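The numbering of the sequence shown is this note's numbering, which starts it at 3 and goes up by one.
By construction, the Cβ of each residue, glycine as well, lies at the ideal position given by its N, Cα and C atoms.
Treat the numbers as computed from the prediction; the structure is a model and nothing was measured.
Notes follow the structure.
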Amino acid sequence: MEPTSRSLPKNAYTPLKAGERYIPLVPAESTPREITPYSVLFGMFFAVLFSAAAAYLGLKIGQVFEAAIPIAIIAVGISTATKRVNALSENVIIQSIGASSGVVVAGAIFTIPALYILGLPANFLHIFLASMFGGFLGILYLIPFRRYFVREMHGELPFPEATATTEVLVAGESGGNQAKVLLMASLFGGLYDFCVATFGFWKETFTTKVIPGFDSIASNFRIEFRINTLASVMGLGYIIGLRYAAIICAGSFLSWFLLIPLVGYIGQGLTAPLGSNVTALIKDMNAEQIFRAYVRHIGIGGIAMAGIIGIIKSSKIILGAFKLAGTELFGKKLATTGAAERTDIDLPMSTVVSLIILVLAGVFFFFWQSVTGDLLQAVTGLLIVAIIAFLFTTVAARAIAIVGTNPVSGMTLMTLIISSFILVQVGMSGPTGMVSALIIGGVVCTALSMAGGFITDLKIGYWLGNTPKYQETWKFLGTILSAATVGFVILLLNETYGFVGENALVAPQANAMAAVIQPLMSNQPAPWVLYLAGALIALTLEMIHIPPLAFALGMYIPLELNTPILMGGVFSHIVSTRSKDETLNVARRERGTLIASGFIAGGSIMGVMSAGLKYFKWNYEDWGWTWLSDPLANVVTIVMFGVAAAYLMMDAMRAKTT
Numbered sequence: 003m004e005p006t007s008r009s010l011p012k013n014a015y016t017p018l019k020a021g022e023r024y025i026p027l028v029p030a031e032s033t034p035r036e037i038t039p040y041s042v043l044f045g046m047f048f049a050v051l052f053s054a055a056a057a058y059l060g061l062k063i064g065q066v067f068e069a070a071i072p073i074a075i076i077a078v079g080i081s082t083a084t085k086r087v088n089a090l091s092e093n094v095i096i097q098s099i100g101a102s103s104g105v106v107v108a109g110a111i112f113t114i115p116a117l118y119i120l121g122l123p124a125n126f127l128h129i130f131l132a133s134m135f136g137g138f139l140g141i142l143y144l145i146p147f148r149r150y151f152v153r154e155m156h157g158e159l160p161f162p163e164a165t166a167t168t169e170v171l172v173a174g175e176s177g178g179n180q181a182k183v184l185l186m187a188s189l190f191g192g193l194y195d196f197c198v199a200t201f202g203f204w205k206e207t208f209t210t211k212v213i214p215g216f217d218s219i220a221s222n223f224r225i226e227f228r229i230n231t232l233a234s235v236m237g238l239g240y241i242i243g244l245r246y247a248a249i250i251c252a253g254s255f256l257s258w259f260l261l262i263p264l265v266g267y268i269g270q271g272l273t274a275p276l277g278s279n280v281t282a283l284i285k286d287m288n289a290e291q292i293f294r295a296y297v298r299h300i301g302i303g304g305i306a307m308a309g310i311i312g313i314i315k316s317s318k319i320i321l322g323a324f325k326l327a328g329t330e331l332f333g334k335k336l337a338t339t340g341a342a343e344r345t346d347i348d349l350p351m352s353t354v355v356s357l358i359i360l361v362l363a364g365v366f367f368f369f370w371q372s373v374t375g376d377l378l379q380a381v382t383g384l385l386i387v388a389i390i391a392f393l394f395t396t397v398a399a400r401a402i403a404i405v406g407t408n409p410v411s412g413m414t415l416m417t418l419i420i421s422s423f424i425l426v427q428v429g430m431s432g433p434t435g436m437v438s439a440l441i442i443g444g445v446v447c448t449a450l451s452m453a454g455g456f457i458t459d460l461k462i463g464y465w466l467g468n469t470p471k472y473q474e475t476w477k478f479l480g481t482i483l484s485a486a487t488v489g490f491v492i493l494l495l496n497e498t499y500g501f502v503g504e505n506a507l508v509a510p511q512a513n514a515m516a517a518v519i520q521p522l523m524s525n526q527p528a529p530w531v532l533y534l535a536g537a538l539i540a541l542t543l544e545m546i547h548i549p550p551l552a553f554a555l556g557m558y559i560p561l562e563l564n565t566p567i568l569m570g571g572v573f574s575h576i577v578s579t580r581s582k583d584e585t586l587n588v589a590r591r592e593r594g595t596l597i598a599s600g601f602i603a604g605g606s607i608m609g610v611m612s613a614g615l616k617y618f619k620w621n622y623e624d625w626g627w628t629w630l631s632d633p634l635a636n637v638v639t640i641v642m643f644g645v646a647a648a649y650l651m652m653d654a655m656r657a658k659t660t
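Have a look at this one:
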């Protein structure tokens, strides 16, 4: 049975006071329907469907969409249409199984197509096993940290994507005013983003280069301000909140307003390219090119060091997980004062450890028999996967919890560099070394992508009152289906379009990985100085008590995606502080969260549709649409962004206390 209340508790998004408990929407003493033929079959269906769609669109246009929100919306719609009563917990399971699609696809298409780009051998088994083993490791490595991230850090991290998905599920189940607010916001956000992406009625990104006088500043000094005007990105910033949004944007401002102009100034007098993997002169680069060639690597170094700092600070938690595993495996069971609550039951640690050993054994035989053929090199590959995937798991989870974006491409790039360096030392280079490094990168990339995505599922389950053990168990099924689907789609697309030559698929992330790994396996140096600079920045931030991961993410993510996040955070602060009545402030903030979730949900759905239409040449870019080159289009862009901001704030301010 499930409760009649259909709204989240007041303390769902706030830190708990001493002695305060969070009671989920479906309390622990309830016995809701979770694992049923309905939830499992629909979850399997969405895992296959969205894996195929995400792989196809990701390789065709370079965009990998997160499937959690679209699946949640469709699940709610199906349960409503079929008049299925008390389907909330089932919908969580559908979302959890189905959402395996986006994360597994990201892990595969960021690395595996690089094999085809470099003319190296690849087959279905390579893609399937790399994706499946990586997904399994991401699940298993994360389970020991579930309580820390979703319960002990309750209210401390914003979890923007989990918040949006949860609001969709709750509003759809509750109906009434909440559902209307979410529906209207979803329609507005979806139509707004669709008008931009498909019809080009106004620009997606506004830049100060279009303002007279500022264009010369951009070209001469590489200084420009950029802001993405999509409603969905603004909604993400609202949920993140002002504190983290400001830290993220501060990192972006350091990159774009200090480091990029500095590199541009230094490069003005250079007559040769700077860096082993750079072919253009700095004086011929614009701000975006300098960012990608140099400054983004500083952000990658910062993310890596922030991850190391996080591992050190979480050492007690990590050691506690090892201690619990050892106790369950080799000693007596820990004494308990009573049975654990249903909403706090994980897979037994002994099972988790056994499965980790089994998966790592599978990884070893996969490397040995199908990739390297050499025992020492297979052991080396196994150790790289086991250690790096474990260490970066908490980084991926924390990144998703903070900003809703997993910097998996940056961490995978770091993995490829480390892997290549180590593999060269044990005698692997050339084509064989590149195959091994890319397969290792694929396993690690999928593991980190899964860890980031799965922490979102577990947080949703925590807020709504699902049983973690069921989510953890059935996530494996979604991973297997997604891995098989993405393997089939990559092979099919390679045969149909290819990844090299005229009219080939774009696959931008895989092309970037291929460009990095080829010189590494030829003993050309990596930009270690830039990584070191980022690491030192992260250490400095830690010393002055500024979260280094949030700041480094800002340095890594393009400016135009960080500035609307800051604006959303500012709007959240204004909405929740205008009144002297704290109860009214809370009500306004919660209504704003529902509206922001609608922006994200609508934008996500219509973003997928726009991408599909773009493939079929039904897009303003294929119509010869010249309106966006008109200066007036920039005015319309700012006006429409103001309209979206006004909608968010004014509707949120309509909240009333009950």
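| Query | Result |
| --- | --- |
| Thr339, buried or exposed, once every other Cβ within 10 Å from all chains shown has been counted against 16 | Because the pLDDT of Thr339 is 43, which lies under 50, any placement of that residue in the model is unreliable, and the number read from its coordinates should be weighed accordingly. Exposed: under 16 other Cβ atoms inside 10 Å. |
| Outcome for Pro433 when other beta-carbon atoms lying within 10 angstroms are tallied against a minimum of 16 | exposed |
| Phe126 classed as buried or exposed, judged by whether at least 16 other C-beta atoms fall within 10 angstroms | exposed |
| Three-state class that DSSP yields for Thr207 in the structure shown | strand |
| Contact under 8 Å by Cβ, Leu555 with Ile358 | no |
| Ranges of the alpha helix (DSSP H) found wholly within the segment 421–491, counting only runs of at least 4 | 432–466 |
| Beta-bridge pairing of Arg228 - partner residues as DSSP gives them | Thr209 |
| Option nearest Ser2 by Cα separation, candidates Leu142, Asp459, Ala342 | Look at the range of the chain in this structure, 3 to 660, and you will see that residue 2 is not part of it. |
| C-alpha distance - Thr78 paired with Phe47, whole-angstrom precision | Per the sequence presented here, residue 78 reads as Val, with Thr not at that position. The straight-line gap from Cα to Cα measures roughly 15 Å. |
| Three-pair Cβ contact test at 8 Å for the segment 121–135 versus the segment 484–498 | yes |
| Ser631 classed as buried or exposed, judged by whether at least 16 other C-beta atoms fall within 10 angstroms | exposed |
| Contact between the segment 561–572 and the segment 265–282 (3+ Cβ pairs under 8 Å) | no |
| Phe147 to Gly140 span [Cα, whole Å] | 11 Å |
| Three-state secondary structure assigned by DSSP to Glu497 | helix |
| Cutoff 6 Å; reference Thr80; Cβ partners in own chain excluding five residues on either side | Before going further, note that residue 80 is Ile rather than Thr in the sequence given. Within the same chain, Ile80 has no close Cβ partners at all. |
| Sub-8 Å separation of Ile386 and Ile442 beta-carbons | yes |
| As assigned by DSSP and simplified to three states, the class of Ser578 | coil |
| Selection from Gln379, Ile75, Glu474, Ile404 that minimises the alpha carbon distance to Ile145 | Glu474 |
| Backbone secondary structure at Tyr533 - three-state DSSP | helix |
| Range covered by the alpha helix (DSSP H) that runs through Tyr558 | 550–558 |
| Helix, strand or coil at Thr395 [DSSP, three-state] | helix |
| Alpha-carbon spacing of Arg590 relative to Ile404, whole angstroms | 22 Å |
| Straight-line gap, Ala74 to Thr281 (C-alpha atoms, nearest Å) | 45 Å |
| Element boundaries [alpha helix (DSSP H), containing Tyr118] | 115–119 |
| Beta-carbon gap between Ser102 and Lys471 smaller than 8 Å | no |
| Close Cβ partners of Ile225 (< 7 Å) along its chain, the five nearest in sequence each way excluded | Ile219, Phe259, Pro263 |
| Limits of the unbroken alpha helix (DSSP H) element including Asn636 | 633–654 |
| At least 3 beta-carbon pairs within less than 8 Å: the segment 183–194 vs the segment 640–653 | yes |
| Beta-carbon proximity check, Thr542 vs Ile347, cutoff 8 Å | no |
| With 16 other Cβ atoms within 10 Å as the buried cut-off, status of Asn496 | buried |
| Cα-Cα separation between Gly364 and Thr481, rounded to whole angstroms | 16 Å |
| Nearest to Gln291 (by Cα), restricted to the options Pro214, Ile419, Leu561 | Leu561 |
| Segment limits, alpha helix (DSSP H) that includes Val355 | 351–368 |
| Selected residue, minimal CA-CA separation from Leu574, among Ile71, Ile597, Val381, Leu634 | It is worth fixing the name first, because residue 574 is Ser in this sequence and not Leu. It is Ile597. |
| Other residues of its chain near Lys211: CB distance less than 7 Å, five sequence neighbours each side excluded | Asp217, Ala220, Glu226 |
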